[in-house]
Structures are given as C-alpha cells and as structure tokens.
Amino acid sequence: MSEFILKARDLNKFYTQRSGRFGFGTTQVKALDNVSLELRHASTLAVVGESGSGKSTLARCLLQLQPLDGGSVFFQGRDLADLPASELRRQRRHLQMIFQDPFASLNPRMKVGDIVEEGLLIHGLGNKDERFEKALKMLKRVGLAESDMNKYPHEFSGGQRQRIGIARALVLEPKVVVCDEPVSALDVSIQAQILLLLKELQREMSLSYVFISHDLRVVRHIADEIAVMHQGKIVETGSIQAVYESPKQQYTQNLLKAIPGQKRHVA
Amino acid sequence: MAELLKIEELTICPANSTSRMLVSNVSFSIEPGKTTCVVGESGSGKSLTALSVMGLLSKQLVRTNGRVLFQGKDLADLSAEEMRKVRGRQIGMIFQEPMTSLNPVLTIGFQIGEPLTVHLGLKGDALKAKVAALLEQVGIPAHRANSYPDELSGGQRQRVMIAMSIACEPLMLIADEPTTALDVTVQAQILSLLDNLKTSMNMGMLLITHDFGVVADVADDVVVMFRGEVVEAGSVSQVLSKPKHPYTKALLDCVPDAEGKKPLKPIDYAWLNNEQVPA
Numbered sequence: 002m003s004e005f006i007l008k009a010r011d012l013n014k015f016y017t018q019r020s021g022r023f024g025f026g027t028t029q030v031k032a033l034d035n036v037s038l039e040l041r042h043a044s045t046l047a048v049v050g051e052s053g054s055g056k057s058t059l060a061r062c063l064l065q066l067q068p069l070d071g072g073s074v075f076f077q078g079r080d081l082a083d084l085p086a087s088e089l090r091r092q093r094r095h096l097q098m099i100f101q102d103p104f105a106s107l108n109p110r111m112k113v114g115d116i117v118e119e120g121l122l123i124h125g126l127g128n129k130d131e132r133f134e135k136a137l138k139m140l141k142r143v144g145l146a147e148s149d150m151n152k153y154p155h156e157f158s159g160g161q162r163q164r165i166g167i168a169r170a171l172v173l174e175p176k177v178v179v180c181d182e183p184v185s186a187l188d189v190s191i192q193a194q195i196l197l198l199l200k201e202l203q204r205e206m207s208l209s210y211v212f213i214s215h216d217l218r219v220v221r222h223i224a225d226e227i228a229v230m231h232q233g234k235i236v237e238t239g240s241i242q243a244v245y246e247s248p249k250q251q252y253t254q255n256l257l258k259a260i261p262g263q264k265r266h267v268a
Numbered sequence: 474m475a476e477l478l479k480i481e482e483l484t485i486c487p488a489n490s491t492s493r494m495l496v497s498n499v500s501f502s503i504e505p506g507k508t509t510c511v512v513g514e515s516g517s518g519k520s521l522t523a524l525s526v527m528g529l530l531s532k533q534l535v536r537t538n539g540r541v542l543f544q545g546k547d548l549a550d551l552s553a554e555e556m557r558k559v560r561g562r563q564i565g566m567i568f569q570e571p572m573t574s575l576n577p578v579l580t581i582g583f584q585i586g587e588p589l590t591v592h593l594g595l596k597g598d599a600l601k602a603k604v605a606a607l608l609e610q611v612g613i614p615a616h617r618a619n620s621y622p623d624e625l626s627g628g629q630r631q632r633v634m635i636a637m638s639i640a641c642e643p644l645m646l647i648a649d650e651p652t653t654a655l656d657v658t659v660q661a662q663i664l665s666l667l668d669n670l671k672t673s674m675n676m677g678m679l680l681i682t683h684d685f686g687v688v689a690d691v692a693d694d695v696v697v698m699f700r701g702e703v704v705e706a707g708s709v710s711q712v713l714s715k716p717k718h719p720y721t722k723a724l725l726d727c728v729p730d731a732e733g734k735k736p737l738k739p740i741d742y743a744w745l746n747n748e749q750v751p752a
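Listed in order, the protein sequences are those of chains Y and Z. FYI, in the numbering used here the residues of the first sequence are 2 to 268. FYI, in the numbering used here the residues of the second sequence are 474 to 752.
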C-alpha cells in the first residue's frame with residue numbers, strides 16, 4: 002500500500018445557475034476546478050478557504066456523496082467511480098464523515114444508541130449484542146455514558162451532539178474521515194475539547210482526516226498539511242509549517258493576516 | 474471621563490423561579506469612544522445582559538435587582554414610549570445573525586431608512602440621500618439600496634445591519650457577536666469598520682463575543698462572564714496578559730493561537746469548582 006490512502010485527481014464539479022432576465026439563461030459555476038490532493042496515511046490534511054470557495058463540495062465529492070463532472074478519487078489505489086454500487090457501499094464503511102451542524106445532522110426521532118448502531122447494522126457487522134457493545138464502547142470513548150443511549154439528540158448540548166456525530170462516524174472503524182467544519186458551531190472551550198478528542202482518536206485508530214475549516218487558528222493545531230482553496234481552485238499546498246511561516250500566494254497571506262488577535266501584540 | 478452606560482448589580486431570573494439567577498450582580502460601565510468586550514461561553518449570560526440594556530428581555534425573564542443607567546438615567550424608569558425613543562436613536566444594536574435579522578420582503582434601503590423616518594422624521598430626497606451616504610459609509614455601493622437581503626452576501630448583510638444601527642448616530646452601539654457567522658477575512662473587515670465608526674462618531678461600544686482574538690484586536694476594556702457572574706474585569710492588556718481569575722486563564726488556554734505553539738487545554742470545570750476563587 003502506498004503512503005497515500007486517498008488521492009484526488011483533477012476533480013471538476015459545476016453547478017448550473019439560472020441567470021439573465023426571468024432566469025431563462027444558464028451560467029455554470031465552477032465549484033471545483035481541477036482540484037488534486039493527496040492524503041497521507043494517519044495524517045491530517047486541512048482544506049481552508051472562505052465561504053463559497055468549494056471546500057464543502059470537495060468534501061462531498063471525495064466521499065462520492067455527489068457525482069463528479071470530471072476527475073477521479075482513489076481510495077487505497079482503487080478508483081471509487083469504477084466500483085460497482087454494492088462494492089462502493091461496502092467501501093463506505095472506511096470513508097466516514099463528521100458534519101458541521103450538530104443540530105441538523107442527527108435524526109431527532111432516533112435514540113442516540115440507535116444512531117450510533119445504525120452504521121453497524123447497515124454494514125452487517127456483528128450480532129445484536131456485539132453491536133450494542135461496540136456502540137456503547139464508542140460512546141464511552143467520546144465521553145458519553147451508557148444512560149445516554151436511550152436519550153434523544155435534543156437532550157444534548159451542541160458539544161455533546163458533536164461527540165455523538167463523532168461516535169457514529171468512528172464506530173465503523175473507518176480509515177478516512179472527512180470532517181466538514183466540525184467545530185465551527187461550537188464555543189471555544191468546547192472546540193478545544195473536540196479538537197483534542199479528534200487528535201487522540203486519530204492516534205488510537207490511525208485515522209486519516211480531511212479537515213475542512215475556515216478557521217486558520219484551529220487548522221494550525223490539528224493539521225499536518227494544508228491546502229488553501231479559492232474560487233474552486235487549490236491555490237497553495239504544503240506542510241503546515243511551510244504555509245504558515247512563508248505563504249507564497251497573496252491570497253494565503255491575506256487569509257493569515259485576517260486571523261484575529263494580531264493587531265495588538267498581547268504576550 | 475463620565476460613564477455613558479453604567480450597569481449596577483444587574484440580576485436576571487426566570488419569572489417563575491426567582492431563586493435561579495441567570496445573570497447575577499453584574500456591574501460594569503462603558504465610556505464614550507471606548508469599546509468594552511463582554512466575553513464568555515454560551516449560557517454565561519452575556520447576551521441577556523445586552524438585551525436587558527435595550528429593554529428587550531422576553532416576558533419569561535425578570536430583572537430582580539440592579540439598575541441600568543444610561544447617561545445617569547435609569548432606563549427602567551422610562552415608559553415604553555420613552556424607551557422606544559432611546560432604542561435605535563441613542564442606543565443602536567447589531568445582532569449575530571445577519572441572515573435572520575433583516576426583513577426579507579423589504580429593500581435594504583427601506584430598512585436602513587426606517588429608523589431615520591421614525592426617529593428624525595426624514596422623508597423624500599433627504600431620506601434617500603442619507604441612506605445613500607450610510608451605505609457608502611459601511612462600504613456598500615449606494616445603488617444597492619434597492620436590493621433585497623437575499624441578494625447580498627453574509628458580510629454585506631452585516632454591513633446593512635451596521636448601517637441601520639448607526640443611522641441615527643447613536644451614542645452607544647451594542648453588538649452581539651456581530652462576526653461569529655462570518656468568514657475570517659470578512660470578520661476582519663467588519664471589525665475594523667466598527668472600530669473606525671466608533672472612533673469617528675465617538676460612540677461607546679458594547680461588544681459581545683466568545684473570541685479572545687477579537688477581544689485583543691478591538692477592546693479597550695474586558696468583562697469576563699461565567700455562569701451569570703462577572704469573574705474578572707479590567708483593561709484589555711491586564712486581562713489578556715495577566716489574568717487573575719482561574720476561569721479567565723482557562724478560557725484563554727483553550728483559544729488556539731495562530732502560531733500553534735501553545736498546546737490546547739480544554740476547561741476543567743471540576744477543577745474550577747474546587748479552586749479558591751479570589752474575591
């Protein structure tokens with residue numbers, strides 16, 4: 002196996018927009034414009050950019066949640082687009098996602114235990130007792146209790162819901178986890194807890210993360226490599242240290258300058 | 474300098490259980506031309522404090538103690554009609570969500586003009602000219618006055634909110650997490666716009682945030698709130714570089730720094746509870 006667990010080659014994605022008078026015309030918006038990236042095994046690649054830069058589209062396209070208009074995604078050397086539907090479904094166990102909004106991404110009518118167990122059920126992993134045990138272990142690992150399994154998502158705070166989302170993704174023991182702004186909706190104090198949890202779990206389970214974020218302070222703490230997106234293109238890539246200390250592109254420099262807390266020097 | 478706004482021992486409780494204090498004994502003051510940042514986590518009572526200044530608390534909440542003095546006058550003594558004249562005219566407010574706090578079926582020009590008509594009686598061409606000037610002031614081309622909120626980006630909508638709140642040249646501006654929903658680059662623009670307006674109009678500003686980076690950039694004074702109480706207050710340099718209260722230290726420790734040198738440390742609430750809190 003190569004050192005890259007996930008590779009994307011020349012990804013293209015267009016959205017068609019109505020335009021002109023009465024919306025009779027159409028224009029194409031390039032959400033992804035020849036995007037290529039490589040994710041190393043057991044490391045974190047951060048994708049940063051402003052709203053509308055195409056980072057969330059990239060996240061969805063990497064996991065084949067949205068069809069591509071061009072290019073291919075290779076997972077462990079296999080082109081995901083070439084896989085038959087049933088095989089792709091099997092592979093999805095290894096490709097999980099953690100979503101931004103912990104309020105919208107959990108089914109309000111399902112108990113937390115069932116939410117976490119559902120992936121195991123779909124992939125036919127273990128019998129009833131084993132599934133329960135696994136879900137329980139995972140929930141405990143992310144900091145929830147056994148009694149929480151019979152509760153509904155609305156009974157939890159934002160940070161706890163994000164923990165449930167993490168447990169749901171990781172109970173399948175995936176290889177690649179795409180985190181789409183996992184801490185943007187959280188308070189700083191909760192944000193720090195979740196970031197540390199993600200880091201610990203990465204070490205324990207040798208996970209590879211694609212970490213989508215617009216917060217360059219957060220990225221600095223979690224990522225090994227970074228890709229900067231602007232208007233559907235990747236404008237700069239490199240190791241965290243290289244990009245933060247000597248950004249080559251003007252756009253990256255502007256992003257770094259916009260980080261709050263730099264105007265007045267506070268020791 | 475004389476205080477513009479003085480909050481004294483403000484206590485807010487739910488109307489049906491007045492022993493549970495959501496905001497308890499909060500006191501601080503704001504001077505003209507200065508920015509005071511109120512920092513705290515969700516549920517620390519920072520937004521409630523701001524809402525009670527504006528007299529916008531929901532009916533389920535009551536102020537059980539304390540006073541809010543604006544230019545030496547207790548705002549609670551004002552009748553509803555008098556309070557309406559203060560709101561928007563003398564104290565402006567900017568809300569967190571630029572998406573939901575604008576009316577989607579009215580043009581932004583109309584919405585910016587409304588306080589001018591209500592408070593100052595501006596009409597016709599004079600109103601149009603003032604709205605155009607305000608839009609320019611917040612960095613939106615004047616011809617966009619006929620646009621609807623859905624035609625604008627998040628940053629532009631927040632600029633419209635700012636134009637509305639400064640339309641009547643208030644003495645004080647309350648901004649409740651004005652940049653939380655925005656991108657970093659847009660956030661930097663909005664913050665410097667607010668900072669410039671504050672200086673040029675000599676406004677007192679009450680800025681609510683949970684981001685210490687924002688505090689470091691724009692605050693003169695800082696008030697740290699935790700579980701409804703003020704745990705620490707002081708100048709920005711004192712609070713950020715020599716925090717006295719363990720909670721302030723803990724909160725500062727969990728902010729990721731841009732250099733990535735400092736390890737992240739989540740708040741240990743159990744430890745906080747046992748810690749001897751300095752008076």
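Glycine is no exception: its CB is placed at the ideal position from the N, C-alpha and C atoms. This one's a predicted model, so the numbers in the text were calculated from it and none came from an experiment.
- Residue contact with chain Y for T658(Z): present (Cβ-Cβ distance below 8 Å to some residue of chain Y).
- The continuous stretches of beta strand (DSSP E) do not include T253(Y), which lies in the alpha helix (DSSP H) extending over residues 251-258.
- Taking a C-beta cut-off of 7 Å against chain Y, the contacting residues of the region 665-695 of chain Z are H683, D684, F685, G686, V687, A689, D690, listed in chain order.
- DSSP, read as helix, strand or coil, puts L655(Z) in coil.
- Put simply, the CB of D730(Z) is near chain Y, with a gap under 8 Å to one of its CB atoms.
- Here the alpha carbon of D730(Z) sits roughly 11 Å from the alpha carbon of A193(Y).
- Ranked by Cα distance from E4(Y), the options N35(Y), S44(Y), Q18(Y), Q29(Y) are led by S44(Y).
- Not a single C-beta of chain Z is nearer than 8 Å to the C-beta of D225(Y).
- G26(Y) is bridged by DSSP to S20(Y).
- For R218(Y), the nearest CB of chain Z lies under 8 Å from its own CB, placing it at the interface with that chain.
- When the five nearest sequence neighbours on each side are left out, the beta carbons in the same chain lying within less than 7 Å of the beta carbon of A640(Z) are those of I585, P588, L589, L607, in order along the chain.
- Scanning chain Z for C-beta atoms nearer than 7 Å to the C-beta of E51(Y) yields D656, T658, reported in chain order.
- Taking a contact as a CB-CB distance under 8 Å, the pair R630(Z) and S517(Z) does not count as one, their CB atoms being some 26 Å apart.
- Judged by their CB atoms, D225(Y) and S240(Y) are nearer to each other than the 8 Å cut-off.
- In this structure, L59(Y) lies near V48(Y), with their beta-carbon atoms less than 8 Å apart.
- In this structure, the alpha-carbon of R90(Y) lies about 19 Å from that of F100(Y).
- Under the DSSP assignment, C62(Y) falls in the alpha helix (DSSP H) whose first and last residues are 56-63.
- Looking at the backbone, the Cα of A706(Z) and that of C510(Z) are separated by about 10 Å.
- Here the alpha carbon of P571(Z) sits roughly 32 Å from the alpha carbon of G545(Z).
- Residue-level contact check: P739(Z) touches chain Y, since one or more beta carbons of chain Y fall below 8 Å from its beta carbon.
- When rounded, the separation of the alpha-carbon atoms in E554(Z) and D656(Z) is 39 Å.
- Between the C-alpha atoms of L38(Y) and I6(Y) there is a straight-line separation of about 11 Å.
- Annotation for F157(Y): no beta strand (DSSP E) segment contains it, and DSSP assigns it neither H nor E.
- Only those residues of the region 195-214 of chain Y whose C-beta falls short of 8 Å from the nearest C-beta of chain Z are listed: L196, L197.
- T508(Z) is positioned such that its CB atom lies no closer than 8 Å to that of L483(Z).
- Distance check between L12(Y) and each of H95(Y), M139(Y), S106(Y), P68(Y) places P68(Y) closest, using alpha-carbon atoms only.
- Close CB contacts of A86(Y) within its chain, under the 6 Å cut and outside five residues either way in sequence, are absent.
- By DSSP's assignment, C510(Z) forms a beta bridge with L680(Z), V695(Z).
- Straight-line spacing of the CA atoms in S710(Z) and T537(Z) works out to 33 Å.
- Each of H124(Y), L63(Y), V36(Y), F76(Y) was checked against the Cα of V172(Y), and the nearest Cα belongs to H124(Y).
- Under the DSSP definition of a beta bridge, T484(Z) partners with N538(Z).
- For a Cβ distance threshold of 8 Å, residue set E514, S515, H683 of chain Z lies close to D188(Y), ordered along the chain.
- With 16 or more other Cβ atoms from the protein chains shown falling within 10 Å of its own Cβ, Y210(Y) counts as buried.
- Residue pairing by DSSP places N13(Y) opposite G71(Y) in a beta bridge.
- The region 176-189 of chain Y makes contact with the region 682-693 of chain Z; the number of CB pairs closer than 8 Å reaches 3 or more.
- Sorting R162(Y), D102(Y), V177(Y) by C-alpha distance to the C-alpha of V74(Y) places V177(Y) at the top.
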